[in-house]
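First up is the structure itself, then whatever we jot down about it.
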Amino acid sequence: IGYVNATDSLRDAAFQRLIEVRDSRTREVERLFSTIERTVVVHSRGQSVIDATEAFSAAVAQLEQPGQAALDDEQLGSLYRYYDEVFGPALSAVTGSTADAAAFVPTSAAARYLQVHYTAPHADAASAIAVDDAGDGSAWSAVHARYHDYFRSMTELLDYEDVLLIDARGLVVYSAYKGVDLGTDVLTGPYRFTNLGAAYGEAVGGNLLGEVTLTDFDTYPPSLNLPAGWAVTPIGRDGEIIGAMAVELPIDRVSAVMTAGEDW
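Numbering-wise (my numbering), the sequence shown opens with residue 1 and increments by one.
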């Protein structure tokens, strides 16, 4: 009888401890995501973000005009080599299967132009985010030189995996880390079936400023199919939606909260 009673008491104590840990983790995760939501909303309502979204969108529209985003054979070759020799093999190494790099090469002139000057020249994200101006003389680069430090600081100080600005058409007109999603269309491009595309459609379709759409973590090709989660909120001027800011959630911070105190 004493053995059974002691066993039951220890089992009950262990279950109660597990429940306490679960509830504590739940509160910590909810607090983290609540903080992220409030921070994203505050930034999206800031004049710098609003002005930057309009300026980047206008600069991309200018690149879409005939002759504005012309690339010579050498530049186009550098873009294809980047996908064939850098992005493709890296994605294949992570997924364990051969990736068709050509399927991810952007088709629009503006996206190709931006990736030639800001994505392909860099072997890693750290070197890409350090660049303020590629020196190509475009209007987009002038806008980038003006606003990039603001978003770079946001990304690095808040431990975000990336910060994107997406215009009202669904084009990624800015990326802090200049990944392969720069310049692409999240609604019709190669990443339209990702959680980012779905979150953008929901956030903008809701037409409510100050609302944040959060996603679960899911594979995301531009992050080499590593799990990516997003917080997406509309950006507006005078009550009109002009785009959205998408923050790639800090997976290390989320993991740290989830695994804190595991050795109890």
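C-beta: ideal position from N, C-alpha, C; glycine also.
Sub-8 Å separation of residue i and residue j beta-carbons
i: L236; j: L214; result: Here the sequence assigns Gly to residue 236, which means Leu is not the residue at that position. No, the Cβ-Cβ distance between G236 and L214 is not below 8 Å.
i: I50; j: A168; result: no
i: A246; j: L164; result: yes
i: F33; j: Y174; result: no
i: Y118; j: A134; result: yes
i: L187; j: G179; result: no
i: V60; j: A109; result: no
i: A228; j: D218; result: yes
i: S267; j: A123; result: Past the boundaries of the shown model lies residue 267; the chain is included only from 1 to 264, so the question cannot be answered.
i: I36; j: L249; result: yes
i: P190; j: L91; result: no
i: A244; j: I166; result: yes
i: A102; j: Y83; result: yes
i: L158; j: T7; result: no
Cross-strand partners of residue i (DSSP beta bridge)
i: L165; result: Y174 and M245
i: L182; result: The partner list for L182 (beta bridge, DSSP) is empty, contrary to what the question assumes.
i: V40; result: In the DSSP output, where bridge partners are listed per residue, V40 has none listed.
i: G236; result: I241
i: P227; result: T219
Which listed residue (the options) has its alpha carbon closest to that of residue i
i: E54; options: T155, N207, V172 and D185; result: V172
i: A176; options: L224, N225 and Y147; result: Y147
i: Q62; options: S141, I251 and T194; result: S141
i: V116; options: Y220, Y80 and S127; result: Y80
i: S223; options: D132, I251, Y200 and V40; result: I251
i: G67; options: T194, S138, V143 and V232; result: S138
Cβ-Cβ separation, residue j to residue i (assumed contact under 8 Å), whole Å
i: P106; j: T184; result: 6 Å
i: A145; j: D162; result: Contact doesn't hold; Cβ gap of about 19 Å is too wide.
i: V212; j: V41; result: 6 Å
TODO: Determine contact between the stretch 82 to 96 and the stretch 150 to 163, defined as no fewer than three beta-carbon pairs at a distance below 8 Å.
DONE: No contact exists between the stretch 82 to 96 and the stretch 150 to 163.
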